[in-house]
Each structure stands twice: as structure tokens, then as C-alpha cells.
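Enquirer: Before we start, here is the structure in question, set down as C-alpha cells.
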Amino acid sequence: MGKDGSELNQSSEDLENITSEGEAPQTEEMVKKHGSSFGKGILCGILITSVVMAGTAFAFYAVQDSRTLKSVRMEEQAGENKELVTVETMQKMKTIEEVIDTYYYGEEVTTEALQDGVYKGIVEALNDPYSEYYSKEELEDVLNSNQGVSYGIGAYISLDQKMNMPMIAGVMEDTPAKEAGLLEGDIIYQVDGEYTQGLSVTKVVSMVKGREGTTVHLTIYREGEADYLELDIVRAKQIESTTVDYGMVENEDGIGYLRIREFDTVTVDQYTEAMAYLKENGMKAMILDLRSNPGGDLTAVVDIARKILPEGMIVYTEDKNGERKEYTGDGSNELQIPLTVLVNGYSASASEILAGAIQDYDKGTLIGTTTYGKGIVQRIHRLNDGTAIKLTVSAYFTPSGRNIHGIGITPDIELEYDQEAYDADGTDNQVEKAIEVLKKIR
28 MGKDGSELNQ
38 SSEDLENITS
48 EGEAPQTEEM
58 VKKHGSSFGK
68 GILCGILITS
78 VVMAGTAFAF
88 YAVQDSRTLK
98 SVRMEEQAGE
108 NKELVTVETM
118 QKMKTIEEVI
128 DTYYYGEEVT
138 TEALQDGVYK
148 GIVEALNDPY
158 SEYYSKEELE
168 DVLNSNQGVS
178 YGIGAYISLD
188 QKMNMPMIAG
198 VMEDTPAKEA
208 GLLEGDIIYQ
218 VDGEYTQGLS
228 VTKVVSMVKG
238 REGTTVHLTI
248 YREGEADYLE
258 LDIVRAKQIE
268 STTVDYGMVE
278 NEDGIGYLRI
288 REFDTVTVDQ
298 YTEAMAYLKE
308 NGMKAMILDL
318 RSNPGGDLTA
328 VVDIARKILP
338 EGMIVYTEDK
348 NGERKEYTGD
358 GSNELQIPLT
368 VLVNGYSASA
378 SEILAGAIQD
388 YDKGTLIGTT
398 TYGKGIVQRI
408 HRLNDGTAIK
418 LTVSAYFTPS
428 GRNIHGIGIT
438 PDIELEYDQE
448 AYDADGTDNQ
458 VEKAIEVLKK
468 IR
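Following the numbering used here, the numbering of the sequence shown begins with 28 at its first residue and continues without gaps.
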């Protein structure tokens, strides 16, 4: 995502950044970018923004004719086509509007809000958690998010599917969210007194965002706390994400560490910069950390995969008509050093594409817990009035033909994250295992 216009049809597909059930490691930022190393077994913290990284393979199509949602046709189970909007449905909508106008006792609702409710309801009737209607403002949020830009508090928001509530998937350094004490894994119970259960990530993000200098009140559920946490956070100006952290592992000769927090349009350049630094500092083996990476831009993850994988297929998609689209690499930049990859239950979508391809080519050893399992693709169709609908349009497959939707990727070495060990002395047992494996390979 990230740019306007239909020219993005081929290049700007993003994967849904929805988190899933699982144990996300609570880690502390230790990596310093230019010249510093970090302690053995200690990781940089998990990042995420206060924008909707509702990742999905997004490609943008500008609607070229004058139609709006009124012209959408829905196929009946019998196989016949029937217009959704008829004289009867229009009359019923008019009647409902008149009844509301005459009898509704409550805060005044604008016509625009009622119209948006109708459009949202049509898409919600699909019963697909990844399909959604975007107002103009919501679409702008989505566009900004995949450029690595957030507005508001500086925390990434995802969905905890087990609780069906928004979750802090990561916090940026030097932001209002960090200063307020928000932690990865915090559940957003209320925003300014409004309950969030059942709301889409897009909706919650729009509630958290606001003008610079204004305050948002978050009611937070944090595991282990006796009561809810009440936090007032002053919104900040535009925040640009650092999606890649890196450094040389301290006291481990030649082992580099690189974490990709999400796949945005800025990620490829940040990855290239990180790799240049690590190579200059003698990297002979690498730990690639994709834990709690919710996904992001398909173009970005494919470009990075081309810097790791041998010649061949990276990923392919198939739509309901069996039409297949392939993404390949020529192997000219294949990584030539031993590699381990860390994953967990919050590694989703685009991060699963990269992890799955690495596993299929036996290019690295996956360590951790089974990934989230999002193997379907969404596309955003822009409408003439500046709004849009995001729909599930295809499934994606790893190079060997695996569709991991609802299944996830099982790592080569299954190892639960040891939170108690980390709390006790900062030891990250999954990183320690990665180091052990690399030492045996070298």
C-alpha cells in the first residue's frame, strides 16, 4: 500500500497484518543501530504502530465508471444473478430512514453516518473478518500505515482473536505510547469509555488517532494485573516507523541479528542498510527474527525474499476462477551464510510467506511456535467517491504448493518462549537455540 491510484494494481499488494492467538515474547530493546552490539540472548523489542496494519494482500483498483455500491451484484446460491439494490430495497431503506427520523431518541446521526452504516453492513454480511468497507478517512489511515507512517500514539494495533479485542502488538521507541507505559500484548478494553470488543482494527485505530496535542484515554487489560489500567496518552504528530532492527550478537563471533517488525514500503531500504552494516562487521551467520510480525506489503516481502532465496518461486496466488499469479526470484542475490528464522503465533501473512519459502527451499532453520496461519489475500477496490471496499479475492501458496490458511507453519524446531527466564535475567531461550543451531552448521 502507500500510494494512490490504479497504477499500483500490479505492485502494491499487502498481506493482512492480523495477529492471532499465541504467546508474543515480551522483549526489551537492546539493539543499537550503528556500531553497537547487543547482549547474547537479548532481543530488541517488538514494534507495532497506532495505525491499522490490517495487512492483506492489497492491490488498488480505481473504479472507472460511475457506479457506486448501489450497482453491486451478489450471486445467489442457485447461481442466478440478482441486483442487490431494487426498487423494493430502496423503498425499505427510505422507510427505515423515515422511522429513525421520526422516532429515534438519542444523539443526532448524520445522513453520511447512516449511509456508511449501510455500506459497512453489506460487506459485513459476507461474514469474512478480512473484508471491510472503508470511509474516506479510514482508507487514508490504511494507505498511510503501509508507508510506515502512523499518526497518534506510536503503537501498532492488531486483533487478539481469542478475545476478539484489539491488542497492542508493539510500541515504538520515543513515542507517547512508550512514555505512557503501554506494552506489547496489552488488550485495549475501552477507548474514551467506549467498549472495543467486536470492533474492527480499522475502527479502533480511528478512535485512538486524533489531532496532535489532544488526549485519548485507554482502558487496558494486562495479564497479571489485578485491575484495569487507565492511561491518558497525548497524541503526537506523524511518526515514521523503523521496521528493521539489527546488530551483531555480543560474544558470538560472526553471528548477526536482524529483526523485521513488519513489511512496509520503507522496509526494503531498511533491510538493505541493515545487511550492509552486518556484512561490514563480519557477519558469517544470521538470525532473522519474524516473531510477532503481522505482515504488510507483498511487494516488500517479495523484494526481501529475492535477497535471500535461490532462483525460483517465492509465492503464488490463485483466485476463485483458478487464475494464478506467480512471484519469482532469479537467485542473483541469494544469501550464502547459515540462517535461522524465529517465528511465533503472531507471525502472520507476509511474514509467513517469507518463512514458508525459506522452509520450502531448506534455506534456513525455523525455530519457535506455529505461525498464525493467514493464507488468503485481500484487495482494496477504490470507489469514485473516495471510499473503498476490501475483499478477500484469492489464496496464496508457498513454493511447494502449501496453503497455510488456518493451519500456520510448523517450525523445524518447536520451542515455546520462556517468559520466566526472560523476566529473571533477560535470557531469550529462542535466540539461544538459534545461536546453538548456527554454531553447529558453521
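The beta carbon of each residue, even a glycine, is placed where N, CA and C say it ideally should be.
These numbers were taken from a predicted model, which means no experiment stands behind them.
1. Identify, in the order they occur along the chain, each residue of the same chain with its Cβ nearer than 7 Å to the Cβ of Asn-308, setting aside the five sequence neighbours on each side.
2. Gly-281 and Met-310: beta carbons closer than 8 Å?
3. Taking the alpha-carbon of Gly-179 as reference, which of Val-235, Tyr-399, Ala-140, Lys-230 has the nearest alpha-carbon?
4. Quick check for students: name the residue ranges of the beta strand (DSSP E) that lie wholly in the segment 276-302, counting only runs of 3 or more.
5. Is it buried or exposed for Arg-351, if we count other Cβ within 10 angstroms and need 16 for buried?
6. Out of curiosity, what's the CA-to-CA distance linking Thr-202 and Ala-196?
7. Under a three-way DSSP split, which group does Lys-473 fall into?
8. According to DSSP, simplified to helix, strand and coil, what is Glu-221?
9. Could you tell me the alpha carbon to alpha carbon distance between Leu-336 and Thr-397, rounded to whole angstroms?
10. Over what stretch of residues does the beta strand (DSSP E) that includes Gly-183 continue unbroken?
11. Which residues bound the alpha helix (DSSP H) around Val-328?
12. What beta strand (DSSP E) runs, 3 residues minimum, are completely inside the segment 117-172?
13. Tell me which residues share the same chain as Glu-165 and place their Cβ nearer than 7 Å to its Cβ, disregarding the 5 neighbours each side in the sequence.
14. Give the DSSP-derived three-state secondary structure of Gly-383 in the structure shown.
15. Answer with buried or exposed for Ser-130, where buried requires no fewer than 16 other C-beta atoms within 10 angstroms of its C-beta.
16. With distances taken from CA atoms, which of Ile-260, Ser-378, Gly-251, Ile-149 is nearest Ser-239?
17. Report the rounded CA-to-CA distance for Leu-256 versus Ser-319, giving the unit in angstroms.
18. Do you know offhand how far Lys-401's Cα is from Tyr-132's?
19. Can you tell which of Gly-181, Asp-346, Lys-390 has the C-alpha that lies nearest to the C-alpha of Ser-421?
20. Can you pull the DSSP bridge partners for Tyr-354?
Expert: Looking at the coordinates:
1. As a first step, residue 308 is located in the sequence shown; it is residue number 281 there, counting from the start. Around Asn-308: Met-275.
2. Along the sequence shown, read from residue 1 onward, the residue named residue 281 stands at position 254. Along the sequence shown, read from residue 1 onward, the residue named residue 310 stands at position 283. In this structure, Met-310 lies closer than 8 Å to Gly-281 by Cβ.
3. Position 152 of the sequence shown, counted from the first residue, corresponds to residue 179. Cα-wise, what sits closest to Gly-179 is Val-235.
4. 282-287
5. If you number the sequence shown from 1, residue 351 lands on position 324. Exposed: under 16 other Cβ atoms inside 10 Å.
6. Locating residue 202 in the sequence shown gives position 175, where the first residue counts as 1. Locating residue 196 in the sequence shown gives position 169, where the first residue counts as 1. Approximately 15 Å between the Cα atoms of the pair.
7. Nothing about residue 473 can be reported from this structure: the residues present for the chain run from 28 to 469 only.
8. Locating residue 221 in the sequence shown gives position 194, where the first residue counts as 1. Three-state result, Glu-221: strand.
9. As a position in the sequence shown, residue 336 is number 309, starting the count at 1. As a position in the sequence shown, residue 397 is number 370, starting the count at 1. Roughly 22 Å separates the two Cα atoms.
10. Counting from 1 along the sequence shown, the entry for residue 183 is found at position 156. It should be pointed out that residue 183 corresponds to Tyr in this sequence rather than to Gly. For Tyr-183, the enclosing beta strand (DSSP E) covers residues 182-187.
11. In the sequence shown, residue 328 corresponds to position 301, counting from 1. Val-328 -> alpha helix (DSSP H) spans 325-332.
12. 159-161
13. Indexing the sequence shown from 1 puts residue 165 at position 138. Within the same chain, Glu-165 has close Cβ partners Thr-229, Ser-233.
14. For the purposes of this step, residue 383 is identified with residue 356 of the sequence shown, where counting begins at 1. Residue state, collapsed to three classes: helix.
15. Position 103 of the sequence shown holds residue 130. In the sequence as displayed, the identity of residue 130 is Tyr instead of Ser. Counting Cβ neighbours within 10 Å, Tyr-130 comes out exposed, since fewer than 16 surround it.
16. Taking the sequence shown and counting its residues from 1, one reaches residue 239 at position 212. As written in the sequence, residue 239 is Glu, which differs from the Ser given in the question. Distances from the CA of Glu-239 to each of Ile-260, Ser-378, Gly-251, Ile-149 were compared; the closest alpha carbon is that of Ile-260.
17. Position 229 of the sequence shown holds residue 256. Position 292 of the sequence shown holds residue 319. Each residue's alpha carbon lies about 23 Å from the other.
18. Locating residue 401 in the sequence shown gives position 374, where the first residue counts as 1. Locating residue 132 in the sequence shown gives position 105, where the first residue counts as 1. If I take the Cα positions, the gap works out to 43 Å.
19. Position 394 of the sequence shown, counting from 1, holds the residue named residue 421. For the options Gly-181, Asp-346, Lys-390, the alpha carbon positioned closest to that of Ser-421 is the one of Asp-346.
20. Translated into positions along the sequence shown, residue 354 becomes position 327. DSSP lists Val-342 as partners of Tyr-354.
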